[in-house]
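> So the sequence shown is numbered by our numbering: it starts at 31 and just counts up by one. The C-beta atom is built at its ideal place from N, Cα and C for all residues, glycine as well. Model, not experiment: these values are computed from the prediction.
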Amino acid sequence: MTRPLQSVFSSESVTLCNTPGRSHNLGEAMKLSSKIYRPIFAALFLTWQVSAYALPAKSEVPPFGQNVTANGYARLPTQSVVNYTETYLDNPLDNTIRASYWSGNRELIAFKKLIFNSDSNVPEYYESIDYRRSKGYRVSVDSNVAKVETIKLGKDGTEIVTRNKSVDVTDKTVIDAGFHRFVVSNWDRLMSGRSVKVKFLQVDKARLVPLKIKKTQCNTPDTACYKISLDNFLLQGVVPAIQLKYDISTKRLISYAGIGPITQLSGKGLPVEVLYEYIN
Numbered sequence: 031m032t033r034p035l036q037s038v039f040s041s042e043s044v045t046l047c048n049t050p051g052r053s054h055n056l057g058e059a060m061k062l063s064s065k066i067y068r069p070i071f072a073a074l075f076l077t078w079q080v081s082a083y084a085l086p087a088k089s090e091v092p093p094f095g096q097n098v099t100a101n102g103y104a105r106l107p108t109q110s111v112v113n114y115t116e117t118y119l120d121n122p123l124d125n126t127i128r129a130s131y132w133s134g135n136r137e138l139i140a141f142k143k144l145i146f147n148s149d150s151n152v153p154e155y156y157e158s159i160d161y162r163r164s165k166g167y168r169v170s171v172d173s174n175v176a177k178v179e180t181i182k183l184g185k186d187g188t189e190i191v192t193r194n195k196s197v198d199v200t201d202k203t204v205i206d207a208g209f210h211r212f213v214v215s216n217w218d219r220l221m222s223g224r225s226v227k228v229k230f231l232q233v234d235k236a237r238l239v240p241l242k243i244k245k246t247q248c249n250t251p252d253t254a255c256y257k258i259s260l261d262n263f264l265l266q267g268v269v270p271a272i273q274l275k276y277d278i279s280t281k282r283l284i285s286y287a288g289i290g291p292i293t294q295l296s297g298k299g300l301p302v303e304v305l306y307e308y309i310n
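(1) For I258, verify whether its CB is less than 7 Å away from any heavy atom of the ligand GTP.
(2) Would you report the Cα separation of I272 and Y286, rounded to the nearest angstrom?
(3) List the whole-angstrom C-beta distance separating K143 from E157, where the pair is believed to meet the contact cut-off of C-beta under 8 Å.
(4) So is R224 buried or exposed if we call it buried at 16+ other beta carbons inside 10 Å?
(5) So for G208, helix, strand or coil by DSSP?
(6) Taking 8 Å as the threshold, find out whether the region 133-153 comes into contact with the region 189-209 through three or more Cβ pairs.
(7) Could you check if L213 is buried or exposed, using at least 16 other CB atoms within 10 Å of its CB as the buried criterion?
(8) Exposed or buried, Y67, counting other C-beta atoms within 10 Å across all chains shown (16 or more means buried)?
(9) Taking the beta carbon of D234 as the centre, do at least 16 other beta carbons fall within 10 Å, making it buried, or is it exposed?
(10) Between E179 and Y167, is the Cβ-Cβ spacing less than 8 Å?
(11) Going by beta-carbon coordinates alone, are Y118 and A104 separated by less than 8 Å?
(12) Would you mind sorting L123 into buried or exposed? The rule is 16 or more other CB atoms within 10 Å of its CB.
(13) What span of residues does the alpha helix (DSSP H) with D218 cover, start to end?
(14) Take A140 and list the residues in its own chain whose beta-carbon comes closer than 8 Å to its own, dropping the five residues that flank it on each side.
(15) Return helix, strand or coil for E303, following the three-state DSSP convention.
(16) Please classify E90 as buried or exposed, where buried requires at least 16 other C-beta atoms within 10 Å of its C-beta.
(17) DSSP state of K281, grouped into three classes?
(18) Give the DSSP-derived three-state secondary structure of V30 in the structure shown.
(19) Please list, in chain order, all residues of the same chain as K281 whose beta carbon is under 7 Å from its beta carbon, the five residues on each side excluded.
(20) When you compare each of V98, I278, D186, S173 to T253 by their alpha carbons, which one comes out closest?
(21) May I ask which residues mark the beginning and end of the beta strand (DSSP E) holding R224?
(22) What residue range is occupied by the uninterrupted beta strand (DSSP E) comprising Y161?
(23) When the distance is taken between beta carbons, is C255 closer than 8 Å to L241?
(24) For D198, list the residues DSSP reports as bridge partners.
(25) What separation, rounded to the nearest whole angstrom, lies between the Cα atoms of V171 and E307?
(26) Which runs of the beta strand (DSSP E) spanning at least 3 residues fall entirely within the region 120-160, listed in chain order?
(27) Could you give the residue range of the beta strand (DSSP E) that holds K244?
Below you can see the structure in the form of C-alpha cells.
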C-alpha cells in the first residue's frame with residue numbers, strides 16, 4: 031500500500047524527552063490541559079502489592095509493522111517531522127484493540143490493549159505501559175465499576191501496584207479507544223449539529239472528566255469534524271480542545287489534534303497532530 035502521509039511527514043524523528051513542543055509556551059493552560067486530557071486522579075490510600083496479571087514485556091510486543099490494520103503519524107504542531115508512530119491492530123473477531131507506539135528509530139515506547147464486550151464503549155479490560163518510564167495502568171470493569179490500578183515496574187520486571195481505586199461507570203462513560211466507538215454510535219446526532227456529553231475515564235488519575243462533543247466546520251465536503259471540549263463553563267475557555275476529523279463514508283478517523291497519549295519523560299503532556307492511514 032502506498033503511504034501518502036510520508037509526503038507530509040519526514041521519516042526523521044525528534045527526541046521525545048527533550049521536546050517540550052507547544053506545552054512550554056502555553057504555560058499554565060497547557061499544564062492543566064495535559065492533566066485533564068491525558069488517555070490518556072488521586073487515590074485516598076496507596077496500596078503496595080505485587081500484581082497477579084503481568085503487563086507485556088517488550089519482547090512480547092509484535093515487531094514494528096507486523097499484524098497492523100492502521101498507522102498513525104504524530105508530529106508536534108510546530109514541526110514537520112514525525113515525532114512517533116502509532117501502529118494498531120483492531121481485531122473484530124475478539125473485540126480486541128492493540129496499539130504500539132514507536133520512536134523514529136523504531137524503538138518501542140509504549141503499548142496498550144483493550145478488550146471490549148460487543149458494542150460497548152467501555153472495555154472489559156484495559157492495560158497500558160510506558161516502557162521509558164517503567165510505569166503502567168490496568169483497568170478491569172465489572173458490574174458498572176471500573177477498578178483502576180497504577181503500576182510501577184521494578185528493575186527485575188516485578189510489578190508493584192502503587193494505587194488501586196474504583197470508579198463507577200455507565201453507558202455514557204468512555205475509556206481510551208472507546209471514544210471512537212462512542213462517536214460512531216452517536217454519529218447521526220452529531221452530524222445533525224447536536225452536541226453529545228460523555229464522561230471520560232482519565233486512567234492515570236482514576237477519575238471521570240465531563241466532556242462535550244460537537245460538530246464543527248470542515249474544509250472538505252466528504253469529511254466530518256468534531257471538537258471535544260470540557261463540559262465546564264469555567265474551564266472550557268482555558269483548556270485547549272481536541273479536534274477530530276472523520277471520513278464520512280467510512281466513519282474512520284483521519285486526523286487528531288490535541289494532547290497525545292505519549293508524554294515527555296517528565297510526564298508532561300505532549301500536544302501532537304496525528305494523521306492516520308488504514309491498511310485495508
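Taking the geometry as given:
(1) With respect to the ligand GTP, the structure offers nothing, as it holds no ligand at all.
(2) 7 Å
(3) 5 Å
(4) exposed
(5) helix
(6) yes
(7) The residue you asked about is not Leu; residue 213 is Val in the sequence shown. V213 is buried by the Cβ-count criterion.
(8) Unreliable placement is indicated for Y67, whose pLDDT of 49 sits below 50; the coordinate value is still reported in the next sentence. Flag for Y67 reads buried.
(9) buried
(10) yes
(11) no
(12) exposed
(13) 217-221
(14) S130, Y131, S158, I159, D160, Y161, R162, P291, I292
(15) strand
(16) exposed
(17) coil
(18) Residue 30 lies beyond the residue range present for the chain, which begins at 31 and ends at 310; the question has no answer from this structure.
(19) V214, W217
(20) I278
(21) That residue, R224, is in no beta strand (DSSP E); it is neither H nor E in DSSP.
(22) Where Y161 is concerned, there is no enclosing beta strand (DSSP E), given that its DSSP letter is neither H nor E.
(23) no
(24) V175
(25) 31 Å
(26) 126-132, 138-145, 155-160
(27) 237-246
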